[in-house]
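Using our numbering, the first residue of the sequence shown is number 3, and each one after it goes up by one.
Where is the CB? At the ideal position from N, CA and C, for every residue including glycine.
Treat the numbers as computed from the prediction; the structure is a model and nothing was measured.
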Amino acid sequence: MIRKTALVLLALMLMTISYSSLQVDSSSDTAVKLIPSITTSFPDSIDFSLDIETDILILDIRLHYVVERESFSDVTQEITVGVPMPFQYEMSVYWTWDMRTTGSLPSGTVVRYWWTAADIDNNLYRTEPASFSFDDDNYDWHNLNHNNVTLYRYYGDEGFAADLMQTCQDTLVRLGEDTGAYPESPIRIYIYSSSSALRNAMVFAKQWTGGVAYPAYGVIAIGISRSNLEWGKRALAHEIAHLVTHQMTSNPYNSIPVWLNEGISMYAEGELEKAYENYLKEAVVRGSLISVQSLCSPFSAYSDISYLSYAQSYSIVAFLIERYGQQKMHRLLMVFKDGSTYDNALLEVYGFDLAGLNSLWQDYIIGIYMP
Ligand SMILES: [Zn+2]
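Printed below as a string of structure tokens:
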């Protein structure tokens, strides 16, 4: 008899355990059934939907999602979605992530999400976390992978893809040789057939956008047509260098000076183009060089000053690499990864601060153009 009571108690306990555990998932046995789904519309929006079948009054419904990207803390977004009234046994709720208000995600970004619902008795129901990739499915992409770089294209033959891949690999080799920088995580590159095709795939594209890097996602999107192949290769090298520089230096405390970031990318393109060099030469002759200190901040939008800023950045980086070598440049990037200030990083590696660099570099460039 005692044994029988114990068995009944045990059975009751098991029922209670299984009942409460069932309440926190979306198993079909529960009084509340949650069926999630998503539809994407690249690049503008993601629709998250939830079909609910319930015998009990639901008071609170939330969507939770995480965007997979490099970040220093995992950020879960939580959206409270209104519950339809009056109470229905079957209902649907949805929430639209409108990228036009938040800024977009690059193609291929993985989003993880789940829903929770709470009923009137404070029981919490949760769907299993699910993931999807926010892809630009307006095109049929082919991919080519080599050494941590995947190149996606929807037009052009294999030779075209191999040619661009060669540019990527050559850039990475040169970056390694000149700066010691190398990609720490995979790089994805989406090749569009033109700048306008690229802009159509972006939410906020400026009219002159030809290529764009998303460093925290390891993604580049770029428009390269046959007629602008040479420009495309330079732009590809430039953007790849931005991704690698970001991977080498990103930290939660400080960013690197703009002249260093843009200078490494300009240097990765190869020799400075004539148009830029003319700006540099003219500024030397006129005595109108911009100080290295000013080039730590974002460049002017005025095209003349902007051209000169890029040209000077190239030259400052070239000066540091050619005079002091690859190892020190690599060391500089490492010191910046620790979140160092600009002056301290330079002092630690080279023994001079920004003002010191400014005067040494100006002597060097004046020596070249006005010997
Ligand atoms: Zn750049």
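Per DSSP, cross-strand counterpart(s) of residue i
i: serine 43; result: Ser47
i: valine 342; result: According to the sequence provided, residue 342 is serine. The question's valine does not apply to it. Note: serine 342 sits in no beta bridge, so no partner.
i: glycine 272; result: None, per the DSSP bridge assignment.
i: glycine 289; result: Bridge partners of glycine 289: none, in fact.
i: proline 38; result: Leu52
i: tryptophan 117; result: Leu65
i: methionine 93; result: Ile54
i: leucine 166; result: Bridge partners of leucine 166: none, in fact.
Beta-carbon proximity list for residue i, same chain, < 7 Å, skipping 5 on both sides
i: tyrosine 366; result: Phe321
i: serine 196; result: Gly225 and Ser227
i: isoleucine 368; result: Val286
i: glutamate 271; result: Arg236, Ala239 and His240
i: threonine 129; result: Ser28, Leu36, Pro38, Trp116 and Trp117
i: isoleucine 193; result: Leu153, Tyr154, Arg155, Leu166, Ile224 and Ile226
Which listed residue (the options) has its alpha carbon closest to that of residue i
i: proline 188; options: Gly369, His248, Ile368 and Leu348; result: His248
i: alanine 33; options: Val77, Ala183 and Leu59; result: Leu59
i: threonine 211; options: Ser342, Gly234, Asp180 and Tyr67; result: Gly234
i: glutamate 160; options: Arg102, His144, Cys170 and His148; result: His144
i: glutamine 79; options: Phe89, Tyr91, Gln90 and Trp97; result: Trp97
i: glycine 220; options: Ile48, Tyr326, Leu107 and Asp165; result: Leu107
i: asparagine 125; options: Lys35, Leu200, Ile48 and Ala218; result: Lys35
i: alanine 218; options: Ser198, Asn202 and Glu186; result: Glu186
i: tyrosine 255; options: Ile323, Asp340, Val175 and Arg176; result: Asp340
i: glycine 353; options: Met336, Lys330, Gln364 and Ile191; result: Lys330
i: phenylalanine 89; options: Arg190, Ile122 and Asn280; result: Ile122
Residues of its chain near residue i, where Cβ-Cβ distance is below 8 Å and the 5 sequence neighbours each way are ignored
i: glutamate 179; result: Gln328
i: histidine 332; result: Thr181, Gly182 and Ala183
i: serine 299; result: Val260
i: serine 51; result: Pro38, Ser39, Ile40, Thr41, Ser94, Val95 and Tyr96
i: tyrosine 312; result: Glu264, Met268, Tyr278 and Phe301
i: leucine 349; result: Asp355
Close-in-space but distant-in-sequence residues of the same chain around residue i (CB under 6 Å, 5 per side omitted)
i: phenylalanine 338; result: Thr251, Ile258 and Ala347
i: isoleucine 370; result: none
i: aspartate 62; result: Ala120
i: glutamate 92; result: Glu55
i: valine 69; result: Val113
i: histidine 148; result: Met167
Residue i: CB within 7 Å of a non-hydrogen atom of ligand 2
i: histidine 244; result: Among the ligands modelled here, namely ligand 1, ligand 2 does not occur.
Anticipated Cβ contact below 8 Å, residue i with residue j, distance rounded
i: leucine 310; j: leucine 356; result: Actually they are not in contact, since the Cβ atoms of leucine 310 and leucine 356 sit about 18 Å apart, beyond 8 Å.
i: cysteine 170; j: isoleucine 266; result: The Cβ separation is near 16 Å, so there is no contact.
key: the region 200-207 contacting the region 148-156, beta-carbon criterion three pairs below 8 Å   = no
query = Any contact of the region 71-80 with the region 50-58, i.e. 3+ C-beta pairs under 8 Å?
reply = no
inquiry  = I want to know whether the region 352-368 touches the region 284-293 - three or more CB-CB distances under 8 Å.
reply    = yes
task = Would you be able to state if there are at least three C-beta pairs under 8 Å between the region 302-321 and the region 258-273?
result = yes
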